[in-house]
Amino acid sequence: MYFLSKFIGFFLQPLVWAIIILAWGLITKIPARRKKLTIFSFAILVVFSNPYLIEKALVNYQARPTKLYKGQQYKAGILLGGLMSFNRTSKEGFFNISSDRFIQTNRLYQLGHIQKIIISGGNAFDENYSEAEFLRNNFMDIGIPDSNILIEKYSVNTIENSRFVKQLTDSIQLNDTSLLITSAFHIPRAMELFQKAGVKVRAYPCAYFYVPADNKFTFRSLVPASYALENWQIYLRELVGRAAGKLTR
-2 MYFLSKFIGF FLQPLVWAII ILAWGLITKI PARRKKLTIF SFAILVVFSN PYLIEKALVN
58 YQARPTKLYK GQQYKAGILL GGLMSFNRTS KEGFFNISSD RFIQTNRLYQ LGHIQKIIIS
118 GGNAFDENYS EAEFLRNNFM DIGIPDSNIL IEKYSVNTIE NSRFVKQLTD SIQLNDTSLL
178 ITSAFHIPRA MELFQKAGVK VRAYPCAYFY VPADNKFTFR SLVPASYALE NWQIYLRELV
238 GRAAGKLTR
């Protein structure tokens, strides 16, 4: 499932679409078709490299912040993996751009909003080194006792996160609502899958992609940006993953 999602993800890149269409145009023997395909390839690059469009899409899609009040407490916070990258040469893990998930989980624990931390995350590249164990060790390094940390170290995607966490919460008879801690753009899909799996959760989004000061259309909105192409892939993968999740049992 993990490698299938990566394969599908490769074809969810506007840059790949543009290259395939341009290559088709170059090998076709019909001049009119070659011209149309070349223009279409260029149009894809122009549209999907526009930063304004993808920023609007991501801002509208990602979950809004959750406010917790003093004394508001949950028995557990469920931290989803995806904030660790793995070096296959050195066999070591390190925090990546989504590490705000770790920061916010620690903050929730220190403020007393969550009593225990449930970490869900394996490692598709090395079964002997899991993200859940990496994160547990880092939480322990900053003073959180091992007795308050539970891990599930086998899942490699959100569907497995939800199913394996359900097994874990059932094993400890945790039937109360937990905070689901993950990136804001990941919240819509994760919430659907966890609720489908029968895990009671309340969203706690963090690691925001964009928090724009305003939504005004300016000259900058017309300037192409390479990162816009990459962010479209992230956005489209999330939409496809959400649709696939609805089709699974």
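Following the working numbering from start to finish, the sequence shown increments by one per residue and tops out at 246.
Using N, Cα and C, we set each Cβ at its ideal position, and we do this for glycine too.
### Task
Take the Cβ of F216 as the centre, count every other Cβ of all protein chains shown within 10 Å, and call the residue buried at 16 or more, exposed below.
The residue given as residue 216 occupies position 219 in the sequence shown. It is exposed - the Cβ of F216 has fewer than 16 other Cβ atoms within 10 Å.
### Query
Can the beta-carbon of I169 be found closer than 8 angstroms to that of F136?
For this step, residue 169 is matched to residue 172 along the sequence shown. For this step, residue 136 is matched to residue 139 along the sequence shown. Against a cut-off of 8 angstroms, the Cβ pair of F136 and I169 comes out as no contact.
### Task
Count the other C-beta atoms from every protein chain shown that fall within 10 angstroms of the C-beta of E89, then say buried if there are 16 or more, exposed otherwise.
One-based indexing of the sequence shown puts residue 89 at position 92. By the 10 Å Cβ count, E89 comes out exposed.
### Query
Roughly how far, in whole angstroms, is the beta-carbon of L171 from the beta-carbon of K67, given that I think they are within contact range, below 8 angstroms?
Looking up residue 171 in the sequence shown gives position 174. Looking up residue 67 in the sequence shown gives position 70. Contact doesn't hold; Cβ gap of about 24 angstroms is too wide.
### Query
Name the DSSP bridge partner or partners of G90?
Within the sequence shown, residue 90 is the residue found at index 93, counting from 1. BP columns for G90 point to F83.
### Task
Name the two residues that bound the continuous beta strand (DSSP E) containing R104.
As a working mapping, residue 104 is identified with position 107 in the sequence shown. Here R104 belongs to no beta strand (DSSP E); instead the alpha helix (DSSP H) covers D97 to Q107.
#### Entry: Close-in-space but distant-in-sequence residues of the same chain around L9 (CB under 7 angstroms, 5 per side omitted)
Counting from 1 along the sequence shown, the entry for residue 9 is found at position 12. Only Q230, L233, R234 and V237 meet the Cβ criterion.
### Pick from S38, I16 and I178 that is closest to R104, judged by C-alpha positions
One-based indexing of the sequence shown puts residue 104 at position 107. Checked all of S38, I16 and I178; the closest Cα to R104 is I178.
### Task
Let me know the secondary structure DSSP gives A73 once reduced to three states.
As a first step, residue 73 must be located in the sequence shown, where it is residue number 76. A73: strand per DSSP, three-state reduction.
### Message
Is the beta carbon of G109 closer than 8 angstroms to that of S152?
### Response
By one-based count along the sequence shown, residue 152 stands at place 155. By one-based count along the sequence shown, residue 109 stands at place 112. Not closer than 8 angstroms, so no.
### Query
Sorted by chain position, which residues of the same chain lie with C-beta nearer than 8 angstroms to I184's C-beta, five sequence neighbours on each side aside?
As a working note, residue 184 is residue 187 in the sequence shown. So the list reads Q59, A60, L177, A200 and P202, once near-sequence residues are dropped.
### Query
Taking the alpha carbon of L268 as the point to measure from, which residue in I141, I75, Y207 and F91 has its own alpha carbon closest?
No information on residue 268 is available, as it lies outside the stretch -2 to 246 that the chain covers here.
### Query
Can you name, in chain order, every residue of its own chain whose Cβ lies under 6 angstroms from the Cβ of R160, other than the five neighbours on each side?
Locating residue 160 in the sequence shown gives position 163, counting from the first residue. Result list for R160: A194, in chain order.
### Message
Rounding to the nearest angstrom, what Cα-Cα distance links I36 and I156 in this structure?
### Response
The sequence position of residue 36 within the sequence shown is 39, counting from 1. The sequence position of residue 156 within the sequence shown is 159, counting from 1. Taking the straight line joining both Cα atoms gives about 39 angstroms.
### Task
Scan the region 198 to 233 and note each continuous beta strand (DSSP E) run of 3 residues or more that stays entirely inside, going in chain order.
198 to 203
### Message
By the DSSP assignment, the beta strand (DSSP E) with Q112 in it spans what residues?
### Response
Residue numbering aside, residue 112 sits at position 115 when the sequence shown is read from its first letter. From DSSP, the beta strand (DSSP E) with Q112 extends over I111 to S117.
### Supposed contact pair L12 and G22 - C-beta distance, whole angstroms, cut 8 angstroms
If you number the sequence shown from 1, residue 22 lands on position 25. If you number the sequence shown from 1, residue 12 lands on position 15. With a Cβ gap of about 16 angstroms, G22 and L12 do not count as contacting.
### Query
Measuring CA to CA, which of E227, A121 and I51 is closest to M81?
If you number the sequence shown from 1, residue 81 lands on position 84. Ranking E227, A121 and I51 by Cα distance to M81 puts A121 first.
### Message
Let me check understanding here. Comparing Cα to Cα, which of E52, E124, Q112 and N158 lies closest to P142?
### Response
By 1-based counting over the sequence shown, the position of residue 142 is 145. Considering only alpha carbons, the answer is Q112.
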